[in-house]
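Numbering (our numbering), first residue to last: 141 to 407.
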């Protein structure tokens, strides 16, 4: 008689581990970081990988995020030990069984892991599970959270980027007022300058220098073009095209708003 209890225990540990990482990811997202970064940091902490990056430093400097990461490390150590123990128990008596029973164990384990992997990769499951986790976190925790991703409509054509300023860039050695980035639909949120303090909401007379890291918010397409824009006439031409594109988008939005108002007044 073959016992499948150790294998089922292992699969249960995997399910719980996936749920823990998912809940932690959503909790980190609600503290104001991107979903991709939150997922990476949650998996790193849970598995004990310990990647030392600038993003990791920012995560641990935040008190709420630090608590989440510490809890993940604790649960991760317990989960890995339990998973290894269950895996060893699954095959400790395999030598005493017939080959058919041994292949049943392997098939059940591989099939279960593949099924869990497919479910974890499903966008349909991911969307609904994340929604439920978010509701639960908001209702039953006292975390001081703010979902900046939804607040700034990230993923809806807009994004926040950290852009390094290089010597040959169009941005270099120019005042923000002269750059007129707002006419392209781009907002300058702050500037990180080497050897200096962080400059938040910089004024128009602030001059960008090579080596600066500027934090920008705006349309993804415009920001990608701005990152590749070089000094000179070609950069100025790209700026004019970006301004025209933004004006066109504004006119389309105004037309939609006027049409909506007319429909509402006609009702």
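Glycine included, C-beta positions come from ideal geometry on N, C-alpha and C.
- Contact between residue 358 and residue 325 holds: their C-beta atoms lie close to 5 Å from each other, under 8 Å.
- Note: residue 315 is bridge-paired with 347 in the DSSP secondary-structure output.
- Looking at the DSSP output, residue 359 shares a beta bridge with 298.
- Under the criterion of beta carbons closer than 8 Å, residue 178 and residue 165 qualify as touching, at roughly 5 Å.
- Separation of residue 169 and residue 175 (C-alpha to C-alpha, rounded to the nearest whole angstrom) is 6 Å.
- When rounded, the separation of the alpha-carbon atoms in residue 318 and residue 404 is 41 Å.
- Distances from the CA of residue 269 to each of 158, 383 and 332 were compared; the closest alpha carbon is that of 158.
- Here DSSP, grouped into helix, strand and coil, assigns residue 173 to coil.
- Under the three-state reduction of DSSP, residue 333 is assigned to coil, being neither helix nor strand.
- Within the model, the alpha-carbon separation for residue 247 versus residue 160 is close to 26 Å.
- When secondary structure is reduced to three states using DSSP, residue 266 falls in the helix class.
- Across the structure, residue 331 and residue 348 are spaced so that their CA atoms are roughly 8 Å apart.
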